[in-house]
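All remarks here apply to the structure that follows.
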Amino acid sequence: MNRETRDKVFKNCLPNNNIKNIPNVFSNLFGREMARRDSFGGYEEERFKDKVDIKLQCSICLKVLKDPVQCPNEHYFCRSCIQKCLHENSETCPMCQHHLTEETLTKPPRILTELLQSLMIRCDHENRGCRELVKLEFLERHVDSCGYSPTRCTNAGCAEVMNRHEKERHEREACQFRKIVCDECGEQVIWKSSRVHPCFMRKEMDDLARKFNVFQNDMREVKDEVKLVKLTQEEMAYLTKEATERYNLVTGRQKIFVCGGNDGKTVLNSVESYSWPENSWTLEPAMQEARAGPSAFVHGREIYVSGGVIVTKNTDSVESLNVDKGNLEWIKSPVKMPLKCHGHTIVRHENSAILTGGCDGDNVSDGIYEISLNPPHNPKLLTQMPEPRCYHSCEMIDNQVIVAGGRASKYLKGAKNTVYVYDLNNNECKTLPPLPSRITDMASVSYKGNVILIGGVNQKGQTLNSVVMYDVKTGKIKMLPCLNHKRALSAAVITGNVIIVMGGYVYETKTCLSSVECLDLSSNVWRELSPMTTKRDSATSVVKLLS
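For the sequence shown, the numbering used here assigns the number 560 to the initial residue and increments by one for each residue that follows.
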């Protein structure tokens, strides 16, 4: 079709025959619709094995005719193309201006239909992997039974779409929402939650206990005999620490405590603890003060919770709980922070607590302080960071205080990607290679010389589910599997090689979370644990070994 003929076609399709509107009509009327290949227009010529004669093209969409019809003067169109033209414009043939309605459309000559039906065409699902070439006559029959057609999993809760021939294997072997039968009790369990099923957890604890005993025996042999396996002292320490902490968790000797936070309406003073063997949360004695954005650490037998927002004011107070006592009660600690703030972090170092950053109204601290945990508890300013920080990550690694990300102001647009290290041995603060992007309000843990940043929010207010492992020595980044849920202002702990992440806040929906998930770094799969009894963001958490 030459340009003059095409203009003539569109002129007769236009209201008031205004040819100046041709570009707009072509874009608005046909552009969007042509993108929907399956519902409007003809077949793309590229789908055919051989070049298609121009006589078999629709005079409107210029594609190979689909469900062809003709006007009384034998001009051929796709049925969908001419119907749209007749409905939205004039009741005339766009080629010859003959009066035309849907009722006066007729089937084309048999020879044209047979020519079309004999063309070899590729399957609709070629982009999904189908390599079949079939006669156009049999295309619909083939597509209806094609093994590459998109099919949704029928297991409740699964939204995955796969090729039809993969559906059975997916639903039987790969789907996280498939049902399996427990060998122990015969109960049907969803595979995704099978690891928190009581029978599985008992098996896992028994297996871990067995492995731990074997490991202890191997350690004795390595110590008493010539070392057959060459492990560095650092690697041996990591293995021992991981095995011991994980064993303590699954046997119930360790508990996770979550303190304070915000439930979306009020600042909380409630505290709850998680027991792995029961996969359940228990309310513990409440703190004396309600606190949002506090920081916690463990020293000796006691859990310390410091600072935070109490209703509308920041505090510098610290309270503690001795979990080994029979009568549990929070008491006001003689330890006191050097400033009133929230969004700070405190990490323990020997008999001191190291405080970094914090926010009080428009004021954000750039200080790193040491607070003695022994009388007289006098705080001491160690250094000042190059920029102020709040809602950042802070971890202690090899006598070094690592400060990553966070905000330089109380606003999200103040989010940073900078990383600082303060060396306690030589009293020196340096800047390390930056994070891959700006991030604040994230949870963090340390693991084998790395800082792991969990979730958070960027400077645009987008809540994240990313998990970033930052190597402190090299500055290299490794991305771990994403969280199941986007969450900022969550709490996190690590015990052995298991990361547990609790609660948080979703900025887009302004909702607090009670959900809990954990990542086993040996399998790199996030799985759900029982939710907390209360929705919490801006809470703080610790792991405590019980006596």
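Even for Gly, the Cβ is constructed at its ideal location relative to N, Cα and C.
Which value, in whole angstroms, describes the spacing of the CA atoms of residue i and residue j?
i: residue 632; j: residue 613; result: 18 Å
i: residue 672; j: residue 728; result: 41 Å
i: residue 848; j: residue 978; result: 32 Å
i: residue 795; j: residue 802; result: 11 Å
i: residue 982; j: residue 851; result: 29 Å
i: residue 1093; j: residue 1073; result: 6 Å
i: residue 1023; j: residue 926; result: 28 Å
i: residue 1013; j: residue 1027; result: 7 Å
i: residue 708; j: residue 645; result: 33 Å
i: residue 895; j: residue 717; result: 50 Å
i: residue 1104; j: residue 805; result: 11 Å
i: residue 944; j: residue 916; result: 9 Å
i: residue 692; j: residue 626; result: 19 Å
i: residue 883; j: residue 1038; result: 38 Å
i: residue 891; j: residue 1088; result: 33 Å
i: residue 966; j: residue 810; result: 39 Å
i: residue 897; j: residue 743; result: 56 Å
i: residue 936; j: residue 910; result: 10 Å
i: residue 724; j: residue 739; result: 22 Å
i: residue 684; j: residue 714; result: 24 Å
i: residue 720; j: residue 868; result: 46 Å
i: residue 808; j: residue 949; result: 31 Å
i: residue 1051; j: residue 600; result: 55 Å
i: residue 877; j: residue 842; result: 21 Å
i: residue 1085; j: residue 1079; result: 7 Å
i: residue 885; j: residue 825; result: 30 Å
i: residue 771; j: residue 812; result: 15 Å
i: residue 750; j: residue 1058; result: 21 Å
i: residue 872; j: residue 865; result: 14 Å
i: residue 954; j: residue 1005; result: 6 Å
i: residue 941; j: residue 1081; result: 38 Å
i: residue 597; j: residue 603; result: Residue confidence is low: residue 597 scores 47 on pLDDT, short of 50, so the model does not pin down where it sits. No coordinate-derived value is stated.
i: residue 1015; j: residue 1049; result: 8 Å
i: residue 900; j: residue 1055; result: 31 Å
i: residue 828; j: residue 931; result: 25 Å
What residue range does the alpha helix (DSSP H) around residue i cover?
i: residue 871; result: No alpha helix (DSSP H) contains residue 871, which DSSP labels as neither H nor E.
i: residue 1113; result: One cannot answer for residue 1113 here, as it falls past the ends of the chain, which runs 560 to 1106.
i: residue 921; result: Here residue 921 belongs to no alpha helix (DSSP H), and DSSP marks it neither H nor E.
i: residue 644; result: 638-647
i: residue 1069; result: Looking at the DSSP string, residue 1069 is not in any alpha helix (DSSP H), and its letter there is neither H nor E.
i: residue 702; result: 698-704
i: residue 725; result: 723-728
Tell me residue i's beta-bridge partners as DSSP assigns them.
i: residue 1086; result: 1077
i: residue 846; result: The partner list for residue 846 (beta bridge, DSSP) is empty, contrary to what the question assumes.
i: residue 949; result: 966
i: residue 1012; result: 1003 and 1027
i: residue 681; result: 692
i: residue 1047; result: 1064
i: residue 932; result: In the DSSP output, where bridge partners are listed per residue, residue 932 has none listed.
i: residue 943; result: 926
i: residue 599; result: In DSSP, residue 599 forms no bridge with anything.
i: residue 938; result: 930
i: residue 839; result: 834
i: residue 1022; result: 1016
i: residue 878; result: 864 and 891
i: residue 1091; result: None; residue 1091 has no bridge partner.
Starting from residue i and walking both ways along the beta strand (DSSP E), at which residues does that stretch end?
i: residue 865; result: 861-865
i: residue 987; result: 987-991
i: residue 1052; result: 1050-1054
i: residue 812; result: Note, residue 812: premise wrong, no beta strand (DSSP E); not H, not E.
i: residue 907; result: 904-908
i: residue 711; result: 709-711
i: residue 627; result: 627-629
i: residue 1039; result: 1036-1039
i: residue 747; result: 747-749
i: residue 975; result: Run containing residue 975: none; DSSP gives neither H nor E here.
i: residue 739; result: 738-740
Am I right that residue i and residue j are in contact with their C-beta atoms under 8 Å? What's the rounded C-beta distance?
i: residue 636; j: residue 617; result: 5 Å
i: residue 974; j: residue 997; result: 4 Å
i: residue 1031; j: residue 913; result: With a Cβ gap of about 16 Å, residue 1031 and residue 913 do not count as contacting.
i: residue 682; j: residue 705; result: 6 Å
i: residue 838; j: residue 960; result: Contact flag wrong, Cβ pair sits at about 35 Å.
i: residue 1077; j: residue 1095; result: Not a contact, Cβ separation roughly 17 Å.
i: residue 640; j: residue 620; result: 5 Å
Contact criterion: CB-CB distance below 9 Å. Does residue i meet it with respect to chain B?
i: residue 726; result: The structure shown contains no chain B; it is built from a single protein chain.
Three or more C-beta pairs below 8 Å linking the region 1091-1101 and the region 813-821: yes
contact_flag[the region 1040-1048, the region 1059-1075] where n(CB pairs < 8 Å) is 3 or more: yes
The region 849-869 in contact with the region 901-911 per 3-pair CB rule at 8 Å: yes
Sufficient close CB pairs (3 or more, under 8 Å) joining the region 681-698 to the region 645-665: no
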